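Visitor:
Number of protein chains: 2
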Amino acid sequence: MPKATTQQSQWEVTTNQRLADAGRRRGGARAAVVALLDEQSCALSAYEIEDLLAERERAAGRASIYRILEELEELGVVSKVELGQGQARYEAIRPDHHHHHLVCDGCGAVIAFDDEPLERAVHSISKRVDFAVEGHEIVLRGLCADCR
Amino acid sequence: MPKATTQQSQWEVTTNQRLADAGRRRGGARAAVVALLDEQSCALSAYEIEDLLAERERAAGRASIYRILEELEELGVVSKVELGQGQARYEAIRPDHHHHHLVCDGCGAVIAFDDEPLERAVHSISKRVDFAVEGHEIVLRGLCADCR
DNA sequence: ATTGTTGCAAAGTGTTTGCACAAAC
DNA sequence: GTTTGTGCAAACACTTTGCAACAAT
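Chains as they are written, first to last, in my numbering: chain V, 309 to 456; chain Y, 309 to 456.
#1: Exposed or buried, which one is Cys415 (chain V) when buried takes at least 16 other CB atoms within 10 Å?
#2: Since Ala354 (chain Y) meets chain V, which of its residues come closer than 9 Å, beta carbon to beta carbon?
#3: Taking 8 Å as the threshold (beta carbon to beta carbon), is His406 (chain V) in contact with chain Y?
#4: Is there a Cβ of chain Y sitting closer than 8 Å to that of Pro310 (chain V), yes or no?
#5: May I have the straight-line CA-CA distance separating Glu427 (chain Y) from Cys412 (chain Y), to the nearest angstrom?
#6: From the DSSP output, in three-state form, read off Val386 (chain V) for me.
#7: Near Leu391 (chain Y), which residues of its chain fall below 8 Å by C-beta distance, leaving aside the five closest residues on each side in sequence?
#8: Applying the criterion that 16 or more other CB atoms from any shown protein chain within 10 Å of the CB defines a buried residue, is Glu363 (chain V) buried or exposed?
#9: In the DSSP assignment, find the alpha helix (DSSP H) that holds Val336 (chain V) and state where it starts and stops.
#10: Looking at the structure shown, is His431 (chain Y) part of a helix, part of a strand, or coil, going by DSSP?
#11: Consult DSSP for Leu391 (chain Y) and reduce its assignment to one of helix, strand or coil.
#12: Measure the C-alpha to C-alpha separation of Ala440 (chain V) and Pro403 (chain V) and round it to an integer number of angstroms.
#13: If you compare alpha carbons, which of Y:Leu377, Y:Glu424 and Y:Ala429 is closest to Phe421 (chain V)?
#14: Using DSSP bridges, identify the partner residues of Glu445 (chain Y).
#15: Go ahead and label Asp346 (chain V) buried or exposed: buried means 16 or more other beta carbons lie within 10 angstroms of its beta carbon, across all protein chains shown.
#16: Indicate whether Leu361 (chain Y) and Leu344 (chain Y) have their beta-carbon atoms separated by less than 8 Å.
#17: With burial defined as no fewer than 16 other Cβ atoms inside 10 Å of the residue's Cβ, what is the status of Gly336 (chain V): buried or exposed?
#18: For Gly443 (chain Y), which residues in the same chain have their Cβ closer than 8 Å to its Cβ, ignoring the five residues on either side in sequence?
#19: Nearest-angstrom Cα distance between Arg333 (chain V) and Leu327 (chain V)?
#20: Can you tell which of V:Glu424, V:Ala400 and V:Ser434 has its C-alpha closest to the C-alpha of Ser432 (chain Y)?
#21: Using a cut-off of 8 Å between C-beta atoms, extract the partners of Ala453 (chain Y) located in chain V.
#22: Considering only C-alpha positions, which residue in the set V:Leu451, V:Arg370, V:Ala400 and V:Asp359 is nearest to Gln318 (chain V)?
#23: Determine the extent of the beta strand (DSSP E) in which Ala354 (chain V) is found, giving its start and end residues.
#24: What span of residues does the alpha helix (DSSP H) with Ala328 (chain Y) cover, start to end?
Pasting the structure below:
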């Protein structure tokens with residue numbers, strides 16, 4: 309039995325399942341976007357997705373990419389993050405890998421980090437305010453090791 | 309001695325001082341933007357600024373507003389915040405009133421909040437990562453009391 | 001055959017830039 | 001009079017929408 313060349317993680321499996329459950333057909337562009345997002349450790353912009361897909365000979369139209377990302381966001385499997393760079397970024401939501409971002413003002417690099425005390429503080433605020441908190445996004449800006 | 313109808317806060321004074329120090333002349337549009345920002349308790353978008361200025365008969369061109377905001381940001385007296393609404397918002401930086409934002413997914417309302425434990429957690433992360441953190445932005449999304 | 005999916009081009013929205021005129025010094 | 005500030009219109013960048021062709025069921 310041949311070994312698969314790409315290992316689908318839990319996220320890709322769940323995402324395809326949810327798409328199927330929602331009665332969606334299996335389109336090539338969408339499958340490519342889902343597979344690409346699954347490989348990433350951090351958020352990608354729509355243009356980056358377009359370029360990466362083109363590089364791997366599975367180009368998809370820009371409009372399709374945006375539509376697919378919006379759909380995945382509505383399904384709750386992708387989160388759209390705005391890091392103050394004038395463009396949105398998208399990443400797979402993996403329940404076990406919640407994280408936030410460091411954004412370099414120098415080169416635009418985006419680095420993920422996580423921190424339990426921070427999550428606890430956010431959770432505690434959520435209970436305190438007269439507001440039904442559904443999500444949160446934390447961005448630290450500065451200079452990365454290379455740009456400093 | 310007549311009482312002033314608008315009280316300039318420390319921020320407006322400092323901002324005008326910084327502008328003077330930087331050798332800037334006192335233009336009407338800029339003074340209007342500075343005065344308006346000084347009155348706000350929370351961040352405004354460029355369009356909101358344009359509308360509010362027009363309402364008070366001190367209209368300013370959109371391009372001027374953007375240029376002024378960029379300049380104030382460079383001077384370090386205004387911060388540009390991106391709350392995931394597809395547009396930037398701007399607010400006065402008041403050293404004694406650091407805060408973050410709750411954004412309502414229903415009506416788009418932006419509500420300020422502050423929290424010491426949260427600030428401590430961010431500060432602690434800043435020391436831990438290999439990254440020169442210069443600022444941070446925290447956004448909690450959800451539904452406000454009215455939309456819930 | 002039906003209906004969801006895709007890609008292109010056009011439209012939309014927020015922001016920036018070029019340039020001429022007005023205002024501050 | 002020189003230099004900065006301002007407003008208009010045009011240009012831009014990212015995102016969304018309209019529509020016809022295509023593919024999955």
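Just so it is clear, CB atoms sit at the ideal spot from N, CA and C, and this is done for glycine as well.
Bear in mind that the values here come from a model prediction, so they are computed numbers and not experimental data.
Guide: Here's the rundown:
#1: exposed
#2: In chain order: nothing, as chain V lies at least about 13 Å away.
#3: no
#4: Interpretation of Pro310 (chain V) is limited by its pLDDT of 48, a score under 50 that renders its predicted location unreliable; the figure taken from the coordinates is listed afterwards. By this cut-off, Pro310 (chain V) is not an interface position.
#5: 22 Å
#6: strand
#7: Ala351, Arg397, His409, Val411, Val418 and Val447
#8: exposed
#9: Val is not the amino acid found at residue 336 (chain V); the sequence shown has Gly there. Counting along the chain, the alpha helix (DSSP H) containing Gly336 (chain V) begins and ends at Gly336 to Glu347.
#10: helix
#11: coil
#12: 20 Å
#13: Y:Ala429
#14: V:Val447
#15: buried
#16: yes
#17: exposed
#18: Ser387
#19: 8 Å
#20: V:Glu424
#21: Asp438 and Phe439
#22: V:Ala400
#23: Note, Ala354 (chain V): premise wrong, no beta strand (DSSP E); alpha helix (DSSP H) at Ala354 to Glu363.
#24: Gln318 to Asp329
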